[in-house]
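Enquirer:
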Amino acid sequence: MSSHRKLSYSLAINEALHQMMAADPSVFLIGQGVKSPWYVGDTAQGLLERFGTDRVIDTPVSENAMTGAAVGAALAGMRTVVVHPRVDFMFYAFDPIINEAANWHYMNGGKLPVPVVFWGIINRGGEQAAQHSQSLHGMFAHVPGLKVVMPATPYDAKGLMIAAIREPNPVVFIDDRWLYKLEEPVPEEIYEVEIGRGNVVRAGNDVTVVASSFMVQESIKAAEILVKEGINIEVVDLRTIKPLDENLILASVQKTGRLVVVDGGWRTCGLAAEVSALVSERAFGALKAPVVRITLPDCPAPASAILEKSYYRTSADIIRAVKGII
Amino acid sequence: MRSLGGNVDYPKNLLVSFYRQMLRIRLCEEAFVEPILAGEVHCPCHLYSGEEAVAVGVCAALTEEDYVFGNHRSHGHYLAKGGSMQGMVAEIFCREMGCSRGRGGSMHLIAPEVGMLGAAPIVAGTISLTLGAALASTIRKDGRVAVTFFGDGATGEGVLYECMNFAALKKLPIIFVCENNYYATHMPIRECRVEREIHEIARPFGIESRQIDGNDVLQVYDAGLQAVEKCRSGNGPVFLECLTYRFRGHVGPDDNVQGSHTDIRPREEIDLWREKDPIKQFENYLTVQRIMTQEEMNTAREEVTREVTDAHGFARRSPSPRVEELERYVFA
Ligand SMILES: Cc1ncc(C[n+]2csc(CCOP(=O)(O)OP(=O)(O)O)c2C)c(N)n1
Ligand SMILES: [Mg+2]
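So the protein lines, in turn, are chains U and Z. Residue numbers 734 to 1059, in the working numbering, belong to the letters of the first sequence in order. Residue numbers 108 to 439, in the working numbering, belong to the letters of the second sequence in order.
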């Protein structure tokens, strides 16, 4: 088939689920809203009809138990994908994710793997306020025993979902509703995007911009504007935020000598802090300017659209930051 | 139990206040439909139309000192507890004069001055907070009662059961008010639980529990009074399951009718519940019992309509929060 077949980000996830469920009878999907387009967009479309209620399980509002069940099923030999239609709802599930799943393999001396995917959707904006807007990837990445992936493109969304399902241990897969309509060519066959590997999505010599998820798209926008002014930024899409592709980041900074880290999470103890610490430890000599972090302020998400507009970071913030260090 | 089915010996002004409060909620809710459709109101609004008797009946049994916590569908709880309508409408327009200063929107209504300690949309998230308010009351021995409003959907969350156990253990003055409207977002209750008698869940914890017609304001009030009395005399907690129905769909003005894009509820079911409209039923009661004349009801309706229009005017005139103040209320 044509390698130019285009797919939206959300349908790329959907295709990964269809193909993995068809390929492996131990894969199943559980979570709130898997039968409803309100919750998970079109990411789950057609799954229920095709695989039935045994393997596509919409649930009562019981995040803690459902997530624990996902972990237990994985311990009992299934490959579970448990979806949380908003990452905000995952706080109830932190215990099975962190105390149990993340620790299980280690604290039992490697006796039993936990092949579970914790799929959390970032769903923000629209004046939904503090409990319906959060991005919690930094918290997950803090925890030993969890891999954390955050695809920025349809191609990576499919490839990382497949890789996550195939991993023998827990992976937190975080996507963003703001990316769902993004389209690009996506191969029809099953393929993996290797977990732990970033991607230079735009080469440049002047400044390295490290980003993930939706902020990669904002960084590309910034790059397109900056290039017209003769500034070439290199955009590094992390794709996986734990484990970080350290060599890719360091190699880029060695080349450019300047770093802007862009993250859709909060500032303190966040992903951007981690990346800048890595660079100051391992590439200090290459730096020609201080590292700049672009993050959410240390502030809950406001409701008011006017406040939201100043809360969320955009390409304009990236452009300003880049210009500030060259 | 007193109910719409019989004569009650309440003073006229109390009955009139039930009527006005229910009307205030209904007309205020329905006045959001246009601004939502016009894109003037952006925040998700979970409308309370159809469920007014629950908030009004329960809150009428409380004093201003008593505490209430709400959930995502709390416009009615807030108004019934005495929160300012202007403050609520301005909040839903996300304006600085809103009760949460535009930071919270529809799902974060608060009026501490009248005991409304807040509402928040994490399902079951405020139940344990209510438990804490009840605990504060027993530590201080100040006789306050705390009411937690939650939906049938919240019975899926484990924290509810933890709270019931502790409340019973410590005889806390908390009233668990479950608004059973038979749906949790897109899920009909039969897909969420096998045992549909929600009031039964409290008994194993040693909690007095009853199921009431949540569309009968007199029944709710009566049950509320008895629950409050029990709690105040140190014999709490109490669990009330109020059977009711939301006229609108889960969020916004959409009705979630089968066959539409939000394909959930049978048209006949919605029509059936519209027949049981708590306000219509109460109007009928007031007429039959000769408590209010049609003219008096019309006047009430006009006055409330004016109040709602004024509140919208107030909201629209209110400035938006200032960008420079984005981080103003962040503690750390
Ligand atoms: C922890 C959590 N999980 C999921 C949701 C999404 N959600 C919002 S309201 C709701 C169901 C509410 O149903 P119910 O409690 O019956 O209240 P109703 O809307 O019927 O008044 C759900 C699942 C949420 N807000 N919080
Ligand atoms: Mg409900």
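Note that CB positions come from ideal geometry on N, CA and C, so glycine has one too.
Is Ile143/Z close to chain U, meaning its C-beta is less than 8 angstroms from at least one C-beta of that chain?
Expert: In the second sequence, residue 143/Z corresponds to position 36, counting from 1. Chain U, which has no Cβ nearer than 8 angstroms to the Cβ of Ile143/Z, makes this no.
Enquirer: Can you pull the chain U residues whose beta carbon is under 7 angstroms from the beta carbon of Cys299/Z, in chain order?
Expert: Here the question's residue 299/Z lines up with position 192 in the second sequence. Those are Pro793, listed as they occur along chain U.
Enquirer: Along chain U, in chain order, which residues have C-beta atoms closer than 8 angstroms to that of Ala227/Z?
Expert: One-based indexing of the second sequence puts residue 227/Z at position 120. Correct list: Gln864.
Enquirer: Please indicate yes or no: does the CB of Ala231/Z lie closer than 7 angstroms to some heavy atom of ligand 2?
Expert: Against the second sequence, residue 231/Z aligns to sequence position 124. Incorrect: Ala231/Z has no Cβ contact closer than 7 angstroms to ligand 2.
Enquirer: For Gly183/Z, does the three-state DSSP call read helix, strand or coil?
Expert: By one-based count along the second sequence, residue 183/Z stands at place 76. In this structure, Gly183/Z counts as helix in the three-state DSSP scheme.
Enquirer: With burial defined as no fewer than 16 other Cβ atoms inside 10 Å of the residue's Cβ, what is the status of Pro829/U: buried or exposed?
Expert: Here residue 829/U is taken as the residue at index 96 of the first sequence, counted from 1. Counting Cβ neighbours within 10 Å, Pro829/U comes out buried, since at least 16 surround it.
Enquirer: Measuring straight from C-alpha to C-alpha, what distance separates Tyr772/U and Asn856/U?
Expert: Residue 772/U sits at position 39 when you count from the first residue of the first sequence. Residue 856/U sits at position 123 when you count from the first residue of the first sequence. Going by C-alpha positions, Tyr772/U is about 10 angstroms away from Asn856/U.
Enquirer: Flag this pair as yes or no: are the beta carbons of Phe354/Z and Ser181/Z separated by less than 8 angstroms?
Expert: Here the question's residue 354/Z lines up with position 247 in the second sequence. Here the question's residue 181/Z lines up with position 74 in the second sequence. Not closer than 8 angstroms, so no.
Enquirer: Compile a chain-ordered list of the residues in the segment 833–860 of chain U whose CB is closer than 7 angstroms to at least one CB of chain Z.
Expert: Gly859, Glu860
Enquirer: Any heavy atom of ligand 1 within a distance shorter than 7 angstroms of the CB on Pro228/Z?
Expert: Within the second sequence, residue 228/Z is the residue found at index 121, counting from 1. Flag set: Cβ of Pro228/Z near ligand 1.
Enquirer: Since Ser427/Z meets chain C, which of its residues come closer than 9 angstroms, beta carbon to beta carbon?
Expert: The question asks about chain C, but that chain is absent: this structure's protein chains are U and Z.
Enquirer: One question on the structure: do Ile974/U and Ala749/U come within less than 8 angstroms of each other, judged by their Cβ atoms?
Expert: Taking the first sequence and counting its residues from 1, one reaches residue 974/U at position 241. Taking the first sequence and counting its residues from 1, one reaches residue 749/U at position 16. It is not a contact, given that the beta carbons lie outside the stated cut-off.
Enquirer: Give a yes or no on whether 8 angstroms exceeds the smallest Cβ distance from Pro1030/U to chain Z.
Expert: The residue labelled residue 1030/U in the question sits at position 297 within the first sequence. It does: the Cβ of Pro1030/U has a partner Cβ on chain Z nearer than 8 angstroms.
Enquirer: Please list the segments of the alpha helix (DSSP H) lying wholly inside the segment 793–832 of chain U, counting only runs of 4 or more residues, in order along the chain.
Expert: 796–808
Enquirer: Use the C-beta contact count for Val1024/U: other C-beta atoms within 10 angstroms, 16 or more gives buried, fewer gives exposed.
Expert: What you label residue 1024/U is simply residue 291 of the first sequence in a count that begins at 1. Buried is the call here.
Enquirer: Quickly, what does DSSP pair Arg788/U with across the bridge? List them, please.
Expert: What you label residue 788/U is simply residue 55 of the first sequence in a count that begins at 1. Answer by DSSP bridge pairing: none, since Arg788/U is not bridged.
Enquirer: Report yes if the C-beta distance between Ile907/U and Val820/U is below 8 angstroms; otherwise report no.
Expert: What you label residue 907/U is simply residue 174 of the first sequence in a count that begins at 1. What you label residue 820/U is simply residue 87 of the first sequence in a count that begins at 1. Yes; because the gap between Cβ atoms is below 8 angstroms, this pair is in contact.
Enquirer: Is Gly766/U close to chain Z, meaning its C-beta is less than 8 angstroms from at least one C-beta of that chain?
Expert: As a first step, residue 766/U must be located in the first sequence, where it is residue number 33. Chain Z, which has a Cβ nearer than 8 angstroms to the Cβ of Gly766/U, makes this yes.
Enquirer: For the beta strand (DSSP E) containing Asn287/Z, list its first residue and its last residue.
Expert: Within the second sequence, the letter at position 180 stands for residue 287/Z. Start and end: 281–287.
Enquirer: State yes or no: is the beta carbon of His215/Z nearer than 8 angstroms to at least one beta carbon in chain U?
Expert: What you label residue 215/Z is simply residue 108 of the second sequence in a count that begins at 1. At least one chain U Cβ lies under 8 angstroms of His215/Z.
Enquirer: How about Glu264/Z: is its C-beta nearer than 8 angstroms to some C-beta of chain U?
Expert: The residue you call residue 264/Z lines up with position 157 of the second sequence. For Glu264/Z, the answer is yes, since a Cβ of chain U falls inside 8 angstroms of its Cβ.
Enquirer: Between the segment 960–970 of chain U and the segment 1013–1033 of chain U, are three or more C-beta pairs nearer than 8 angstroms?
Expert: no
Enquirer: What residues match up with Tyr290/Z in a beta bridge as DSSP calls it?
Expert: Working through the second sequence from its first residue, we reach residue 290/Z at position 183. BP columns for Tyr290/Z point to Pro295/Z.
Enquirer: Near Ser1009/U, what residues of its chain come up, given a Cβ to Cβ distance below 8 angstroms and the 5 sequence neighbours on each side ignored?
Expert: One-based indexing of the first sequence puts residue 1009/U at position 276. Here the set comprises Leu992, Val994, Val1024, Arg1026.
Enquirer: Out of Met271/Z, Met294/Z, Thr292/Z, Ile296/Z, which has the shortest C-alpha to C-alpha gap to Val284/Z?
Expert: Translated into positions along the second sequence, residue 284/Z becomes position 177. Out of Met271/Z, Met294/Z, Thr292/Z, Ile296/Z, the CA that lies nearest to the CA of Val284/Z is found in Met271/Z.
Enquirer: For Tyr392/Z, which of helix, strand or coil comes out of DSSP?
Expert: Position 285 of the second sequence, counted from the first residue, corresponds to residue 392/Z. Helix, per DSSP.
Enquirer: I need the boundaries of the beta strand (DSSP E) containing Arg79/Z, first residue and last residue.
Expert: Here chain Z comprises residues numbered 108 to 439, so residue 79/Z is not present and cannot be evaluated.
Enquirer: Interface residues of chain U around Glu136/Z at Cβ under 7 angstroms?
Expert: Counting from one through the second sequence, the residue named residue 136/Z turns up at place 29. Near Glu136/Z there are no residues of chain U at all, since even the closest Cβ is about 18 angstroms away, more than 7 angstroms.
Enquirer: Note down, in chain order, all residues in the segment 743–775 of chain U with a beta-carbon under 9 angstroms from any beta-carbon belonging to chain Z.
Expert: So the list reads Gln765, Gly766, Lys768, Ser769, Pro770, Trp771, Tyr772, given in the order they occur along the chain.
Enquirer: Residue ranges of each alpha helix (DSSP H) run of no fewer than 4 residues wholly in the segment 939–988 of chain U, ordered along the chain?
Expert: 947–961
Enquirer: What whole-angstrom Cβ distance do Glu917/U and Pro887/U have, given they're in contact under 8 angstroms?
Expert: Here residue 917/U refers to the residue found at position 184 when the first sequence is read from its first residue. Here residue 887/U refers to the residue found at position 154 when the first sequence is read from its first residue. Correct: roughly 5 angstroms between the Cβ atoms.
Enquirer: Shorter than 7 angstroms, the distance from the beta carbon of Asp1060/U to the closest heavy atom of ligand 2, or not?
Expert: Any question about residue 1060/U goes unanswered here, given that chain U covers just 734 to 1059.
Enquirer: With respect to 7 angstroms, is the separation between the Cβ of Asn114/Z and the closest non-hydrogen atom of ligand 2 below this value?
Expert: Numbered from its first residue, the second sequence carries residue 114/Z at position 7. Result no, Cβ not under 7 angstroms from ligand 2.
Enquirer: Does any CB atom of chain Z fall closer than 8 angstroms to the CB of Tyr924/U?
Expert: Here the question's residue 924/U lines up with position 191 in the first sequence. Cβ-Cβ to chain Z under 8 angstroms: no for Tyr924/U.
Enquirer: Measuring only between beta-carbons, confirm whether Asn797/U sits less than 8 angstroms from chain Z.
Expert: Taking the first residue of the first sequence as 1, we reach residue 797/U at position 64. For Asn797/U, the answer is yes, since a Cβ of chain Z falls inside 8 angstroms of its Cβ.
Enquirer: By how many angstroms is the C-alpha of Asp791/U removed from the C-alpha of Ile371/Z?
Expert: Counting from one through the second sequence, the residue named residue 371/Z turns up at place 264. Counting from one through the first sequence, the residue named residue 791/U turns up at place 58. Rounded to whole angstroms, Ile371/Z to Asp791/U spans 15 angstroms at the Cα level.
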